[in-house]
Amino acid sequence: MKVLTNKNGKKIYLLNPDEKARKYLAELKVGSKLTNMIEPKLENGKLIRLSKKDKAYRIGYLNARKDNSKAYMSKLRKKISRI
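Shown next as structure tokens:
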């Protein structure tokens, strides 16, 4: 996680892809949105629930990571077997 400070002095937390995937997984388990520090997001004192579109996006992101991982490992195995 990288921490930046904007012009107003507010801290911004940037996540790498692995941390982002873990955040999305936690959001799907909890059913509400979380900040990058894995704290619940609130609006007027109430939790912000995930909509169907939010859930679909997060599931798609996680599935894409899984597909890319499988493709990478498959190519790696083929490369190793040639040696």
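Under our numbering, think of the first position of the sequence shown as 1, with each following residue one higher. Beta carbons: idealized from backbone N, C-alpha and C, even for Gly.
### Task
From the DSSP output, in three-state form, read off LEU76 for me.
What you label residue 76 is simply residue 76 of the sequence shown in a count that begins at 1. Helix at LEU76.
### Message
Across the stretch 24–35 and the stretch 45–63, are there enough close Cβ pairs to call them in contact, namely three or more that are closer than 8 Å?
### Response
yes
### Message
With a threshold of 7 Å on Cβ separation, who are the neighbours of LEU15 within its own chain once the five nearest residues in sequence on each side are excluded?
### Response
Indexing the sequence shown from 1 puts residue 15 at position 15. Same-chain partners within the cutoff: MET1, LYS23 and ASN36.
### Query
With SER116 and LEU50 assumed to form a contact (beta carbons below 8 Å), what rounded beta-carbon distance in angstroms separates them?
This structure does not reach residue 116, given that the chain is present from 1 up to 83, and the question cannot be answered.
### Task
Consult DSSP for ILE59 and reduce its assignment to one of helix, strand or coil.
Indexing the sequence shown from 1 puts residue 59 at position 59. In this structure, ILE59 counts as helix in the three-state DSSP scheme.
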